[in-house]
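S.K.: Sharing a structure with you now.
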């Protein structure tokens, strides 16, 4: 997917900085342990000498000698690990620590862009989305069940708010666990302030942490991008094409607050295009809305309602307005 040259260069510079930082940190760790454990430096010298000998033998074609040196180097490396552990260090303390071990912070695995590079493009193209900052605050570690009461039972589900949110969270966690093996979509619906956006951020954070490309957009942001792409209302058509393609192609699309936009024939047709294309490509989508199922049907019509009802797991969340409870202390 095309980027402007300066954008591509910006991402590559960030990867260069990552590798330089990782190398500097390794040098610092190496200096530290060599001062504390002088024997490690001697082992490193022996490994270096063996490597030079292996290179010479490789040129001469002496296969048996090469195998012997390989075993000797493995034995020396094992000694290093034992020394580190004996002195209170983890055995991989002198291993380069990359932010992405899959591509070793190069951005590529072979000739293909790594998942982290694809996410870097998503982050750059969707600079208006603050999902990465949001998931630092709103995640499963900070999620609290204490805002959901046991004071009443919902007629539709037969559950209290607390029992229901436990069921919802378990379903979301199951969605995350099965993400790579089972195609699923979620609809989170319920009144304002019951935790739909918070839970969407929890989900986004977990999938970002497992190297998936995630786009999080409010309904207003989504339809603004779709409108600009449809009618070419931008000075940066390439950026718009990138945005549109990523909406259809990212691993997970989260559409937050569906129904807060001005619904009309255009938004309805574009929403159907979006969810239908992703369904055809088996790309998961999570939608949150304050609308009831009846309101979804009347607002967006039978085609969209049918697609959601037949292909989405419906998760109703109910309870008191958490934001209001926080304000009141």
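In my numbering, the protein residues as written are 570 to 898.
Idealized CB from N, CA, C, for every residue including glycine.
Where does residue 514 sit, in a helix, a strand or coil, going by DSSP?
M.R.: Since the first residue of the chain shown is 570 and the last is 898, residue 514 is not available in this structure.
S.K.: Given a cut-off of 8 angstroms, decide if residue 740 and residue 882 are closer than it, judged by their beta-carbon atoms.
M.R.: Yes, these two residues count as a Cβ contact at 8 angstroms.
S.K.: For residue 674, count the other beta carbons within 10 Å of its own beta carbon; 16 or more makes it buried, fewer makes it exposed. Which is it?
M.R.: With 16 or more other Cβ atoms within 10 Å, it is buried.
S.K.: Answer yes if the region 745-758 comes into contact with the region 718-728, meaning at least three C-beta pairs across the two stretches below 8 angstroms, and no otherwise.
M.R.: Counting Cβ pairs under 8 angstroms, fewer than three are found: no touch.
S.K.: Bridge partners of residue 681, per DSSP?
M.R.: Its beta-bridge partners are 678.
S.K.: Enumerate, from N- to C-terminal direction, the unbroken alpha helix (DSSP H) stretches of 4 or more residues contained entirely within the region 680-757.
M.R.: As far as the region 680-757 is concerned, its whole alpha helix (DSSP H) runs of at least 4 residues are 684-694, 700-706, 730-746.
S.K.: Suppose the cutoff is 6 angstroms on Cβ atoms and the five residues either side in sequence are ignored; what does the same chain contact list for residue 888 look like?
M.R.: Only 717, 730, 763 meet the Cβ criterion.
S.K.: I think residue 754 touches residue 853, with their Cβ atoms under 8 angstroms apart; what is that distance to the nearest whole Å?
M.R.: That belief holds up - the Cβ atoms of residue 754 and residue 853 are roughly 6 angstroms apart, short of 8 angstroms.
S.K.: Does DSSP classify residue 785 as helix, strand or coil?
M.R.: Strand, per DSSP.
S.K.: Does the count of Cβ pairs from the region 588-602 and the region 654-664 closer than 8 angstroms reach three?
M.R.: With a cut-off of 8 angstroms, the region 654-664 and the region 588-602 count as touching, because enough Cβ pairs lie within range.
S.K.: Helix, strand or coil: which one does DSSP assign to residue 896?
M.R.: Note: residue 896 maps to helix in three-state DSSP.
S.K.: In whole angstroms, give me the CA-to-CA distance for residue 568 and residue 703.
M.R.: Here the chain has residues from 570 to 898 only, and residue 568 is not among them.
S.K.: Pull up the CB-CB distance for residue 757 and residue 857, whole angstroms please, since I reckon it's below 8 angstroms.
M.R.: About 4 angstroms separates the two Cβ atoms, so the contact holds.
S.K.: Taking only three categories from DSSP, how would you classify residue 853?
M.R.: Residue state, collapsed to three classes: strand.
S.K.: Taking the beta strand (DSSP E) that residue 862 belongs to, which residues open and close that run?
M.R.: First-last for residue 862: 862-880, but that is the alpha helix (DSSP H), not the beta strand (DSSP E).
S.K.: Do residue 816 and residue 794 come within 8 angstroms of each other at the CB atom, strictly closer than that value?
M.R.: Yes, these two residues count as a Cβ contact at 8 angstroms.
S.K.: Determine the burial state of residue 849: buried for a count of at least 16 other Cβ atoms within 10 Å of its Cβ, exposed for fewer.
M.R.: The residue in question, residue 849, is exposed, as its Cβ has fewer than 16 Cβ neighbours within 10 Å.
S.K.: Could you round the C-beta distance between residue 840 and residue 873 to whole angstroms and report it? I think they count as a contact, below 8 angstroms.
M.R.: Confirmed, about 6 angstroms.
S.K.: Quick one: grab the DSSP three-state call for residue 585.
M.R.: Helix, per DSSP.
S.K.: Shortest alpha-carbon distance to residue 770 belongs to which of 789, 738, 760?
M.R.: It is 738 whose Cα lies nearest to the Cα of residue 770.
S.K.: In angstroms with no decimal places, state the Cα-to-Cα distance between residue 677 and residue 892.
M.R.: Roughly 43 angstroms between the two C-alpha positions.
S.K.: Helix, strand or coil, according to DSSP, for residue 673 in the structure here?
M.R.: Residue state, collapsed to three classes: coil.
S.K.: Taking C-alpha atoms, which residue in 653, 773, 715 lies nearest to residue 708?
M.R.: Of 653, 773, 715, the residue nearest in Cα terms is 773.
S.K.: Assuming contact is defined by CB atoms lying nearer than 8 angstroms, are residue 667 and residue 788 in contact in what I supplied?
M.R.: The answer is no: Cβ separation not under 8 angstroms.
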